[in-house]
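Quick note, the sequences are listed as chains Z and X, same order.
Number 120 in numbering that gives the first Met the number 0 belongs to position 121 of the first sequence; there are no gaps in the numbering.
Number 7 in numbering that gives the first Met the number 0 belongs to position 8 of the second sequence; there are no gaps in the numbering.
Reading through the C-alpha cells given below for one structure.
Number of protein chains: 2
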Amino acid sequence: MIKIKSGAYDGKMQSASSGLNSSRQVAISASLRQSRMFASLSPGDLAAVAEGCSLRSLQKGETLFREGEKSEGFYVMQSGSVSIFRLTPDGREQIICVFRPPESFAEVTLATVESYPANAVALEPSQVIVVNKSRFRDLIRRQPELSLHMLGSMSIHLKHLVQSLQDIKGRQIEHRLADWLLHQAPGGAAGCPVAFELPVTKKVLAGQLGVTSETLSRTLARFRTEGLIIVEGAHVQIVDSPGLRAYAAL
Amino acid sequence: MIKIKSGAYDGKMQSASSGLNSSRQVAISASLRQSRMFASLSPGDLAAVAEGCSLRSLQKGETLFREGEKSEGFYVMQSGSVSIFRLTPDGREQIICVFRPPESFAEVTLATVESYPANAVALEPSQVIVVNKSRFRDLIRRQPELSLHMLGSMSIHLKHLVQSLQDIKGRQIEHRLADWLLHQAPGGAAGCPVAFELPVTKKVLAGQLGVTSETLSRTLARFRTEGLIIVEGAHVQIVDSPGLRAYAAL
DNA sequence: CGAGCGGCTTGATGCAGGTCAAGGACACCG
DNA sequence: CGGTGTCCTTGACCTGCATCAAGCCGCTCG
Chain Z
0 MIKIKSGAYD GKMQSASSGL NSSRQVAISA SLRQSRMFAS LSPGDLAAVA EGCSLRSLQK
60 GETLFREGEK SEGFYVMQSG SVSIFRLTPD GREQIICVFR PPESFAEVTL ATVESYPANA
120 VALEPSQVIV VNKSRFRDLI RRQPELSLHM LGSMSIHLKH LVQSLQDIKG RQIEHRLADW
180 LLHQAPGGAA GCPVAFELPV TKKVLAGQLG VTSETLSRTL ARFRTEGLII VEGAHVQIVD
240 SPGLRAYAAL
Chain X
0 MIKIKSGAYD GKMQSASSGL NSSRQVAISA SLRQSRMFAS LSPGDLAAVA EGCSLRSLQK
60 GETLFREGEK SEGFYVMQSG SVSIFRLTPD GREQIICVFR PPESFAEVTL ATVESYPANA
120 VALEPSQVIV VNKSRFRDLI RRQPELSLHM LGSMSIHLKH LVQSLQDIKG RQIEHRLADW
180 LLHQAPGGAA GCPVAFELPV TKKVLAGQLG VTSETLSRTL ARFRTEGLII VEGAHVQIVD
240 SPGLRAYAAL
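What follows is the structure in C-alpha cells.
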C-alpha cells in the first residue's frame with residue numbers, strides 16, 4: 000500500500016474528481032511525482048495529469064503493447080521492470096532497453112508517431128501508470144513548461160540510444176560488460192569491493208548488452224578467472240574495480 | 000524586443016527587423032517553412048522564429064560542432080548535407096546519421112542535455128540555419144503547439160535510431176543495402192528500372208550502413224553479378240527490384 | 001608533365017561472437 | 001518420486017565482417 004500525506008492534496012482531488020476514486024488518484028499522483036518529468040509540476044497540474052491516468056498491473060511475461068498497435072498514451076513505471084524490444088526477421092527478440100521506476104517510456108507516441116515502434120513486456124510482476132494521450136496533450140497546451148520536460152526526457156532516451164548504437168558497433172563485450180558492472184555498483188567511485196544482485200536474469204542482461212547468453216556467460220567466466228569479479232548465481236561482487244575500469248575505459 | 004549579447008549582432012538584428020536585412024530573414028523564413036517542424040506555423044510566429052536565427056555556411060569537411068561542446072541551439076538544413084558521428088575509442092568515426100534539407104537536428108540540446116552528444120561535419124559545401132536556443136524556448140512557452148512538433152521531430156529521429164540499432168545487430172549488409180537502395184529509388188513501387196546518383200561517396204554510405212567501404216564495395220559487386228543492379232561510379236540503376244525487395248524483406 | 005592523393009576495388013587472412021549441442025543446477029508439479 | 005521446465009555453463013564449429021595489403025583510376029597541384 001502506498002502512503003501519502005493527505006490534507007491539501009485530498010481536498011484538491013476531491014474537487015477535481017468525483018471522490019470515489021480519489022485514493023487511487025492520490026496514489027498515482029505520488030508515483031508521478033517520482034518521475035523527473037513531473038517532479039517540478041505544481042500540485043494542481045499534477046492532479047490534472049493524474050486524473051487522465053490509469054493503473055495497469057502486469058504479470059511476468061505479460062505484454063503491455065506490441066509493435067504497430069495504436070498508442071493510447073505513454074507510461075510511467077511504478078514497480079517491476081519492462082523490456083522494450085523488437086523482433087528480428089527470424090523471430091528472436093532484440094532488446095532495446097529495460098525500464099524500471101521511476102522512468103517513463105513510449106513518450107514518442109505522443110507526437111506524430113501514433114503507433115508503438117516496438118514491443119513491451121513485463122520482466123516480472125509490474126505496475127505501470129498509463130498517461131492518457133489526449134488529456135496530456137491538452138495539458139501541454141495549457142502548461143508549455145511541461146513540454147520542455149517532455150523534450151528532456153526524450154532527449155535522454157535519444158542520447159542513450161546513440162550510446163548503444165556506437166557501443167554495439169565499436170566496443171566489444173568485455174568493454175560493455177565492464178562498463179555495465181561498474182554502473183551497477185552502488186558505491187560508484189569507491190575502490191572498495193562492492194557486491195550487488197543482478198536486477199535481471201543473465202539472459203535478459205545479455206540481450207541488453209546485445210549479445211547471446213552464451214557469450215555473456217563466457218565473458219563473465221573470463222572476468223572471474225582474471226580475478227576481477229566473483230559471481231555466484233545472481234550475486235556479483237566486484238573485486239578489482241580498477242581492473243574493470245581499465246576495460247571499460249576503452 | 001529580445002536582447003542579444005553582442006553589440007554588433009544586436010545591430011544586425013535591429014536592422015533586420017527594420018528592413019535592411021529583411022531579405023535574409025525572408026529567405027530564412029522560407030527555408031524554415033520547408034521543415035515539417037515549422038510547416039504549420041502562422042506567418043507571424045514563423046517570423047518570430049526567423050528573427051532568432053542566423054545562417055551558417057560550411058565548407059566541405061568543416062565541422063559544425065563537436066561532441067561535448069555547449070550547444071547554442073539546433074539546426075535546420077538549408078543546402079548540402081551534414082554527417083553526425085561519434086568517435087570510437089580507437090579514433091575512427093561511427094556515423095549515426097546524415098541530414099539533408101529540409102531536416103532539422105540537434106533538437107535534443109534544447110532540453111536538459113545542454114551539450115552536443117556527437118560531432119557534426121559538412122560532407123559538402125552546405126548552409127544551415129542556426130535556431131537560437133533561448134529564443135526558441137521563449138517561443139515554446141508562448142506557442143505550446145510548437146512543442147508538439149518538436150516532440151514529433153524528435154520521435155522520428157528516435158524511431159529511426161531504434162531501427163538502425165536493430166538493423167546493425169540483426170540484419171546483414173546485403174539486407175540493409177537492398178533496403179537502402181530501394182528507398183533511394185524515386186519512383187518507389189514502380190517495377191520498371193530506376194536509376195539515380197548516389198547522394199554521397201561510397202565511403203560515407205558505408206559508414207551510414209555501419210560497415211567499411213571494402214564490405215560495401217563487395218556487396219555492390221555481388222548485387223551486380225547477380226544482375227540486381229548496374230553500378231558505374233556514382234550512377235546506380237536498379238534492374239531487378241523484386242530481387243532487391245526479396246533481400247530487403249528479410 | 002609527373003607526383004601524390006583520395007576514392008574505389010579485390011584478394012588473403014584473422015577474429016569476435018553467433019550457432020549448435022550437451023549437460024548440470026534448480027524449481028515446480030502430477 | 002521421476003518428469004518437465006527454465007536458466008546457466010562449456011565445448012566445438014562456422015561466418016560475416018574487419019583488417020591488411022596491393023593495385024587501379026581520376027583529380028589536383030607543384
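Using N, Cα and C, we set each Cβ at its ideal position, and we do this for glycine too.
Check	Outcome
Please give the ranges of any beta strand (DSSP E) in the segment 66-125 of chain Z, keeping only runs that are unbroken, at least 3 residues long and fully inside the region.	72-78, 81-86, 92-98 and 118-121
Please state whether DSSP places glutamine 58/X in a helix, a strand or coil.	coil
Could you check where the alpha helix (DSSP H) with valine 25/Z kicks off and where it finishes?	21-33
Taking the straight line between their C-alpha atoms, what separation do you get for serine 240/X and leucine 204/X?	20 Å
Run the CB neighbour count on lysine 69/X, radius 10 Å, all protein chains shown included, and call it buried at 16 or more, exposed below.	exposed
Return the CA-CA distance between valine 235/X and valine 199/X, expressed in angstroms with no decimal places.	12 Å
At least one CB of chain X closer than 8 Å to the CB of isoleucine 229/Z: is that the case?	no
Please classify proline 88/X as buried or exposed, where buried requires at least 16 neighbouring CB atoms within 10 angstroms.	exposed
Could you pull the start and end residues of the alpha helix (DSSP H) that glutamine 162/Z belongs to?	143-169
Taking a Cβ distance cut-off of 7 Å, strictly less, list which residues of the segment 75-97 of chain Z are near chain X, in chain order.	Arg85, Thr87, Pro88, Gln93 and Ile95
Under 9 Å, CB to CB, which of the residues in the segment 124-156 of chain Z have a partner in chain X?	Arg136, Ile139, Arg140, Arg141, Gln142, Pro143, Glu144, Leu145, Ser146, Leu147, His148, Met149, Leu150, Gly151, Ser152, Met153, Ser154, Ile155 and His156
Sorted by chain position, which residues of the same chain lie with C-beta nearer than 8 Å to leucine 249/X's C-beta, five sequence neighbours on each side aside?	Arg170 and His174
Going along chain Z, which residues have a C-beta under 7 Å from glycine 209/X?	Lys168
Glutamine 165/Z versus chain X: which residues are under 8 Å apart at the beta carbon?	Arg85, Thr87, Gln93 and Ile95
I'd like to know if valine 193/Z contacts chain X, where contact means its C-beta is closer than 8 Å to some C-beta of that chain.	no
For phenylalanine 37/X, does the three-state DSSP call read helix, strand or coil?	coil
Which residues in the same chain have their Cβ closer than 6 Å to the Cβ of phenylalanine 104/X, if we skip the five residues on either side of it in sequence?	Tyr74 and Phe98
Could you confirm whether any beta carbon from chain X is found closer than 8 Å to the beta carbon of leucine 249/Z?	yes
Contact defined as beta carbons within less than 8 Å: I believe glutamate 71/Z pairs with asparagine 131/Z. What is the distance between those atoms, to the nearest angstrom?	7 Å
Anything in chain X within Cβ reach of valine 161/Z, meaning under 8 Å, just list it in chain order.	Arg85, Ile95, Pro116, Ala117 and Leu160
Do serine 34/X and alanine 110/Z count as a contact pair if the criterion is CB distance below 8 Å?	no
Could you please give the first and the last residue of the uninterrupted alpha helix (DSSP H) stretch that includes alanine 233/Z?	That residue, alanine 233/Z, is in no alpha helix (DSSP H); it is neither H nor E in DSSP.
Give me the residue from Gln77/Z, Gln183/Z and Leu176/Z with the minimum Cα distance to serine 255/Z.	The structure shown does not extend to residue 255/Z, since chain Z spans only 0 to 249, so no value can be given for it.
In chain order, what residues of the same chain lie with their CB nearer than 8 Å to the CB of glutamate 102/X, ignoring the 5 residues before and after it?	Ser34, Val75 and Met76
Whole angstroms are fine: how far does the CA of alanine 47/X sit from the CA of glutamine 24/X?	10 Å
Give the C-beta separation of lysine 168/Z and glycine 209/X to the nearest angstrom, bearing in mind that I take them to be a contact with Cβ-Cβ under 8 Å.	6 Å
Specify the secondary structure class of valine 48/Z as computed by DSSP and reduced to three states.	helix
Below 7 Å CB to CB, which residues in the same chain sit around glutamine 93/X once its five sequence neighbours on both sides are set aside?	Phe84, Arg85 and Thr87
Report all residues from its chain with a CB closer than 6 Å to the CB of methionine 36/X; omit the five preceding and five following residues, and keep chain order.	Ser103, His148 and Ser152
Valine 193/Z lies in the beta strand (DSSP E); which residues open and close that run?	193-196
Reducing DSSP to helix, strand and coil, say where valine 203/Z ends up.	helix
Quick one: residues in its chain with C-beta nearer than 7 Å to the C-beta of glycine 60/X, no 5 flanking neighbours on either side, listed in chain order?	Val120 and Ala121
Work out the CA separation of alanine 26/X and serine 53/X for me, nearest whole Å.	11 Å
Which value, in whole angstroms, describes the spacing of the CA atoms of glutamine 165/Z and serine 21/Z?	46 Å
DSSP state of alanine 248/X, grouped into three classes?	helix
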